[in-house]
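Engineer: Dropping the structure in here first, questions after.
Residue numbers (the working numbering): 279 to 668.
Below, the structure is given as structure tokens:
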């Protein structure tokens with residue numbers, strides 16, 4: 279007995295709706311973080327929003343297929359139901375491809391927001407070009423899979439027609455999809471490995487980005503069901519498994535692409551995960567905590583000071599930058615990490631202990647949360663800055 283791609287229509291409905299709801303929740307949380315907390319939405323957020331819309335469209339096409347007989351043997355369906363089932367099947371293919379492509383674009387443009395290194399950005403732009411060409415091919419090869427187009431869902435039309443080899447086209451597309459998934463997933467890992475971060479924070483960041491590899495695993499698992507449907511003559515019976523895996527693949531990609539952008543939101547409720555022991559010391563202002571992180575080298579101190587200085591404005595920003603520059607200038611002469619914690623209301627300035635007013639403390643605390651959300655970007659930018667100078 280040959281392989282089968284059969285599953286019940288109810289399974290298709292349950293999985294596709296559940297996965298789409300999870301993806302929608304992640305995108306909504308992402309937009310809330312970018313717009314409400316970080317207030318720095320970008321083109322990557324636009325792409326992931328479009329990807330979600332295509333994911334919803336894919337789910338709609340799957341529900342229509344179930345309504346008109348997917349999961350049942352084709353010879354049990356009347357001619358009208360077969361037509362109504364094959365038309366959304368045709369639409370689901372190119373909508374699925376658009377969802378996959380928009381998710382990849384979102385991830386790659388997100389990389390460009392975070393990583394400023396020239397070599398990295400050149401590689402990223404090259405990969406964007408590859409994904410663009412791949413996306414155009416998958417879209418048009420799905421739209422014009424048959425000539426005339428309606429021959430896809432009207433195989434018995436007068437005059438007939440011809441179609442591309444489904445097996446060759448679908449497997450070629452799946453192969454390129456998997457390769458670009460792998461390339462997209464591993465692209466930032468060497469960068470994170472080179473960062474001077476605490477081990478736990480580095481592992482957490484690398485793990486979040488590496489979760490994109492799970493999408494690649496789903497793409498590989500989908501190949502078996504894709505093979506079955508590409509060779510099947512009983513399409514309505516053998517399509518459900520491919521439909522389920524396609525829905526899981528799309529929405530898993532959306533979920534994984536949203537995880538890194540939720541760091542600010544997660545940091546509010548799980549601050550211990552993304553902060554060091556020193557940065558959690560509530561008795562010290564944000565810039566004083568940055569000074570203590572210099573216990574290894576001056577570069578690391580400079581990174582902390584620069585990123586924390588981004589969150590202030592007006593008079594507070596000028597004061598903060600003055601303190602930052604003073605500590606940077608004296609970083610090579612003082613071991614900040616060995617000095618221990620400053621008492622509440624005190625800070626280091628040019629190697630001297632100074633009293634910090636209540637107003638200044640409140641100002642630092644108010645801006646500390648916002649500065650924390652930029653920590654990863656600041657650290658990465660400084661690392662690339664040092665690398666580009668070599």
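All C-beta atoms, glycine included, are put in the ideal place defined by N, C-alpha and C.
I need the DSSP call for residue 440, collapsed to helix, strand or coil.
Structural biologist: It is a strand residue.
Engineer: Which same chain residues, not among the five before or five after residue 333, have their C-beta less than 7 Å away from its C-beta?
Structural biologist: Taken in chain order, the residues that qualify are 298, 301, 377, 528, 529, 532.
Engineer: Suppose you measure from the CA of residue 289 to the CA of residue 482; what does that come to, to the nearest Å?
Structural biologist: Each residue's Cα considered, the two are about 34 Å apart.
Engineer: Where do the N-terminal and C-terminal ends of the alpha helix (DSSP H) with residue 531 fall, by residue?
Structural biologist: Segment 518-536, the alpha helix (DSSP H) holding residue 531.
Engineer: Can you find the residues in the same chain that come closer than 6 Å, C-beta to C-beta, to residue 368, ignoring five residues on each side of it along the sequence?
Structural biologist: The residues are 430, 431.
Engineer: How would you write the range of the alpha helix (DSSP H) that residue 382 sits in, first residue to last?
Structural biologist: Per DSSP, residue 382 belongs to the alpha helix (DSSP H) from 357-392.
Engineer: Pick out whichever of 425, 355, 461 has its Cα sitting closest to the Cα of residue 441.
Structural biologist: It is 425 whose Cα lies nearest to the Cα of residue 441.
Engineer: Going by C-alpha distance, which of 324, 407, 352, 535 is nearest residue 518?
Structural biologist: Here the closest residue by C-alpha is 352.
Engineer: Residues bridged to residue 298 by DSSP?
Structural biologist: Answer by DSSP bridge pairing: none, since residue 298 is not bridged.
Engineer: Which one of 537, 330, 373, 433 has the shortest CA to CA distance from residue 513?
Structural biologist: Residue 513 has its Cα closest to that of 433, out of 537, 330, 373, 433.
Engineer: Could you pull out every residue in the same chain whose Cβ sits closer than 8 Å to the Cβ of residue 452, ignoring the five residues on either side in sequence?
Structural biologist: Once the five neighbours on either side are set aside, the close Cβ partners of residue 452 are 497, 500, 501, 504.
Engineer: Check whether the stretch 378-394 and the stretch 456-474 are in contact - that is, three or more C-beta pairs closer than 8 Å.
Structural biologist: Taking 8 Å as the limit for Cβ pairs, the verdict is that the stretch 456-474 does touch the stretch 378-394.
Engineer: Can you name, in chain order, every residue of its own chain whose Cβ lies under 8 Å from the Cβ of residue 370, other than the five neighbours on each side?
Structural biologist: Excluding sequence neighbours, residue 370 sits near 336, 339, 340, 343, 521, 524.
Engineer: Start and end of the alpha helix (DSSP H) containing residue 403?
Structural biologist: Run containing residue 403: 396-421, per the alpha helix (DSSP H) assignment.
Engineer: On the DSSP bridge assignment, give the partners of residue 354 in chain order.
Structural biologist: Beta-bridge pairing links residue 354 to no other residue.
Engineer: When the Cα of residue 413 is compared with those of 284, 329, 400, 320, which residue comes out closest?
Structural biologist: Checked all of 284, 329, 400, 320; the closest Cα to residue 413 is 329.
Engineer: So what does residue 425 bridge to, in DSSP terms?
Structural biologist: Residue 425 is bridged to 440.
Engineer: Quick one, are the C-beta atoms of residue 459 and residue 402 less than 8 Å apart?
Structural biologist: Their beta carbons are not under 8 Å apart, which means residue 459 does not touch residue 402 by this criterion.
Engineer: By how many angstroms is the C-alpha of residue 312 removed from the C-alpha of residue 643?
Structural biologist: With a pLDDT of 46 at residue 643, under the threshold of 50, the predicted position of this residue should be treated as unreliable, though the coordinate-derived value follows. Between residue 643 and residue 312, the C-alpha separation is close to 21 Å.
Engineer: Distance, Cα to Cα, residue 314 vs residue 308?
Structural biologist: So the alpha carbons of these two residues sit roughly 10 Å apart.
Engineer: Would you kindly check if the distance between the Cβ of residue 348 and the Cβ of residue 287 is under 8 Å?
Structural biologist: Yes.
Engineer: Excluding the 5 residues flanking residue 484 on each side, which residues of the same chain have their C-beta closer than 8 Å to its C-beta?
Structural biologist: Cβ neighbours of residue 484 beyond the five flanking positions: 467, 470, 471.
Engineer: Are the Cβ atoms of residue 534 and residue 326 separated by less than 8 Å?
Structural biologist: No, they are not a contact pair.
Engineer: Assign residue 437 to one of two classes, buried (16 or more other C-beta atoms within 10 Å of its C-beta) or exposed (fewer than that).
Structural biologist: The residue is exposed, with fewer than 16 neighbouring Cβ atoms inside 10 Å.
Engineer: How far does the alpha helix (DSSP H) with residue 254 in it extend, from its first residue to its last?
Structural biologist: Any property of residue 254 remains undetermined from this structure, which presents the chain solely from 279 to 668.
Engineer: Between the beta-carbon of residue 247 and the beta-carbon of residue 461, is there less than 8 Å?
Structural biologist: Here the chain has residues from 279 to 668 only, and residue 247 is not among them.
Engineer: Are the Cβ atoms of residue 281 and residue 454 separated by less than 8 Å?
Structural biologist: No, these two residues do not count as a Cβ contact at 8 Å.
Engineer: With DSSP as the reference, label residue 319 as helix, strand or coil.
Structural biologist: If DSSP states are grouped into helix, strand and coil, residue 319 belongs with coil.
Engineer: Work out the CA separation of residue 515 and residue 360 for me, nearest whole Å.
Structural biologist: Approximately 12 Å between the Cα atoms of the pair.
Engineer: Residue 363: which of 354, 345, 375, 474 sits nearest, CA to CA?
Structural biologist: The option with the nearest alpha carbon to residue 363 is 345.
Engineer: Ignore the nearest five residues each way along the sequence and tell me which others in residue 365's own chain have a CB closer than 7 Å to its CB.
Structural biologist: Same-chain partners within the cutoff: 431.
Engineer: On the CB-based measure, 16 or more other CB atoms within 10 Å of its CB, does residue 490 come out buried or exposed?
Structural biologist: Residue 490 comes out buried.
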